[in-house]
Amino acid sequence: MKKLLIALASALALFGSLAFAETEHTTQSLEHAKAAITHGEAGHAPVLVEHAQTSLTHAEAAEKAEHNPHTAEAITHLKQAIEHGKLGHADVGTTHAKEAVKHLELALPKK
Numbered sequence: 019m020k021k022l023l024i025a026l027a028s029a030l031a032l033f034g035s036l037a038f039a040e041t042e043h044t045t046q047s048l049e050h051a052k053a054a055i056t057h058g059e060a061g062h063a064p065v066l067v068e069h070a071q072t073s074l075t076h077a078e079a080a081e082k083a084e085h086n087p088h089t090a091e092a093i094t095h096l097k098q099a100i101e102h103g104k105l106g107h108a109d110v111g112t113t114h115a116k117e118a119v120k121h122l123e124l125a126l127p128k129k
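The opening position of the sequence shown corresponds to residue 19 in our numbering, with each subsequent residue numbered one higher.
This is the structure we're talking about:
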């Protein structure tokens with residue numbers, strides 16, 4: 019009985035830490051995506067790219083921890099934001115960053 023309880027507690031701790039990792043990465047991704055929007059709206063395409071890349075790194079880590087269709091969609095938009103930002107298209111990059119933010123917000127657990 020003790021072994022079963024220990025195994026159950028270990029499993030809960032593991033899955034709880036994975037869920038925390040996913041939420042933490044999603045939160046970090048969201049913060050950087052919002053920063054990308056701020057800089058994109060100011061016409062700072064290179065800085066938009068920096069924040070979108072950091073956001074993408076966190077979104078991919080969240081997706082690796084646990085698949086979420088909204089995180090996957092945010093990743094698609096972040097890649098587009100980076101691509102357009104590298105071309106100097108801050109306006110289009112900002113549009114994709116805004117779409118990423120919408121999906122990242124939907125990926126976060128409801129409070």
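Glycine included, C-beta positions come from ideal geometry on N, C-alpha and C.
- In this structure, the alpha-carbon of His95 lies about 22 angstroms from that of Lys128.
- Rounded to the nearest whole angstrom, the C-alpha separation of Leu48 and Gly58 is 15 angstroms.
- Beta-carbon to beta-carbon, Ala70 and Ala115 are separated by about 6 angstroms, close enough to satisfy the 8 angstroms threshold.
- If you draw a straight line from the Cα of Gln46 to the Cα of Thr75, it comes to about 10 angstroms.
- Here DSSP, grouped into helix, strand and coil, assigns Leu105 to coil.
- By the criterion of a C-beta distance shorter than 7 angstroms, Val67 is surrounded in its chain by Ile100, Gly103, Lys104, once the five residues flanking it on both sides are discounted.
- Looking at Thr112, Leu122, Ala125, Glu42, the one whose alpha-carbon comes closest to that of Ala60 is Thr112.
- For Leu126, the three-state secondary structure derived from DSSP is coil.
- When the five nearest sequence neighbours on each side are left out, the beta carbons in the same chain lying within less than 7 angstroms of the beta carbon of Gly106 are those of Ala63, in order along the chain.
- Distance between Ala80 and Thr44, taken at the CA atoms: about 6 angstroms.
- By the neighbour-count criterion, in which a residue is buried when 16 or more other Cβ atoms sit within 10 angstroms of its Cβ, His121 is buried.
- Boundaries of the alpha helix (DSSP H) around Glu81: 63-83.
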